[in-house]
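Here is the structure we will look at, set down as structure tokens.
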């Protein structure tokens with residue numbers, strides 16, 4: 043239900059209104075009250091785990107012969123067949139939703155820990171053949187994790203959250219503190235490749251932050267947090283710890299001109315706006 047509401051919102055529809063005239067009036071009042079114009083939303087970044095809990099989890103297994111028998115037992119084979127069917131269905135459903143979004147705005151799809159991509163960081167983009175409908179749109183962009191892109195002159199840098207989660211295993215910092223720490227250290231993943239799985243590298247560290255971003259984010263965090271910091275050269279950087287949409291129902295809007303942000307909360311067929319910061 044939350045995903046359908048999100049698609050309706052981003053494509054300009056709203057399931058709350060039944061009468062077309064009332065919808066226009068309410069949308070006009072809502073935009074004036076909240077400062078939000080859906081038509082100004084030009085791009086959507088999906089920060090990993092688009093398949094959420096539907097992607098088959100990796101079994102913990104055991105040791106020795108017991109693990110071998112468990113892996114190749116009849117029950118395990120049936121479970122893998124079920125997981126494969128579930129993944130196929132989930133990909134088809136995701137493809138349909140993405141194609142609806144791509145007809146209205148640019149969509150940047152990042153892989154996450156539970157998505158069918160490489161396990162090691164940097165994760166490679168999800169293959170376009172997995173999305174037969176969405177790949178027909180020029181606005182569909184499967185991208186890597188970490189991601190660095192430019193949208194309307196604003197530099198976005200972010201991950202699907204694996205780097206932040208791994209850091210929190212060895213300290214008491216929350217997500218936004220970890221983001222600030224990695225930005226100051228100019229390294230996206232300071233725990234790679236000790237405790238965070240990544241591709242081996244020798245001459246060049248792929249996680250070094252060479253250019254200062256305007257927006258630095260991490261997906262799949264426990265809760266939404268944000269912070270604005272300033273660099274030594276008077277740079278303004280907005281830090282965003284973004285929670286899973288499936289669990290939180292929160293869409294984060296960022297104004298690429300002012301770098302202000304706003305939270306749109308989807309829940310129980312309603313939308314609430316947090317206007318504590320400037321809206322898009």
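Numbering (the working numbering), first residue to last: 43 to 322. Even for Gly, the Cβ is constructed at its ideal location relative to N, Cα and C.
For residue i, which of helix, strand or coil comes out of DSSP?
| i | result |
| --- | --- |
| residue 207 | helix |
| residue 86 | strand |
| residue 289 | helix |
| residue 47 | helix |
| residue 226 | helix |
| residue 284 | strand |
| residue 117 | helix |
| residue 294 | strand |
| residue 134 | helix |
| residue 163 | strand |
| residue 156 | coil |
Under the DSSP definition of a beta bridge, which residues are partnered with residue i?
| i | result |
| --- | --- |
| residue 332 | Absent from the structure is residue 332, since the part of the chain shown begins at 43 and ends at 322. |
| residue 278 | 272 |
| residue 123 | DSSP output for residue 123 lists no bridge partner at all. |
| residue 149 | 86 and 182 |
| residue 304 | 295 |
| residue 238 | 234 |
| residue 267 | 283 |
| residue 252 | Looking at the DSSP assignment, residue 252 forms no beta bridge with any residue, so it has no partner. |
To the nearest angstrom, how far is the alpha carbon of residue i from that of residue j?
| i | j | result |
| --- | --- | --- |
| residue 248 | residue 255 | 16 angstroms |
| residue 128 | residue 158 | 13 angstroms |
| residue 192 | residue 145 | 20 angstroms |
| residue 303 | residue 245 | 38 angstroms |
| residue 53 | residue 83 | 10 angstroms |
| residue 116 | residue 126 | 15 angstroms |
| residue 141 | residue 176 | 4 angstroms |
| residue 226 | residue 205 | 15 angstroms |
| residue 231 | residue 168 | 21 angstroms |
| residue 49 | residue 276 | 37 angstroms |
| residue 273 | residue 215 | 21 angstroms |
| residue 154 | residue 241 | 16 angstroms |
| residue 224 | residue 120 | 43 angstroms |
| residue 90 | residue 189 | 11 angstroms |
| residue 55 | residue 237 | 45 angstroms |
Relative to the C-alpha of residue i, which residue among the options is closest?
| i | options | result |
| --- | --- | --- |
| residue 212 | 170, 198, 221 and 233 | 233 |
| residue 300 | 257, 307, 306 and 265 | 257 |
| residue 178 | 199, 195 and 138 | 138 |
| residue 198 | 160, 260 and 216 | 260 |
| residue 297 | 80, 271, 50 and 263 | 80 |
| residue 173 | 223, 136 and 55 | 136 |
| residue 47 | 134, 85 and 143 | 143 |
| residue 282 | 132, 148 and 203 | 203 |
| residue 285 | 305, 165 and 270 | 305 |
Check this for me: beta carbons of residue i and residue j, under 8 angstroms apart or not?
| i | j | result |
| --- | --- | --- |
| residue 291 | residue 309 | yes |
| residue 251 | residue 150 | no |
| residue 163 | residue 210 | no |
| residue 288 | residue 44 | yes |
| residue 93 | residue 156 | yes |
| residue 148 | residue 181 | yes |
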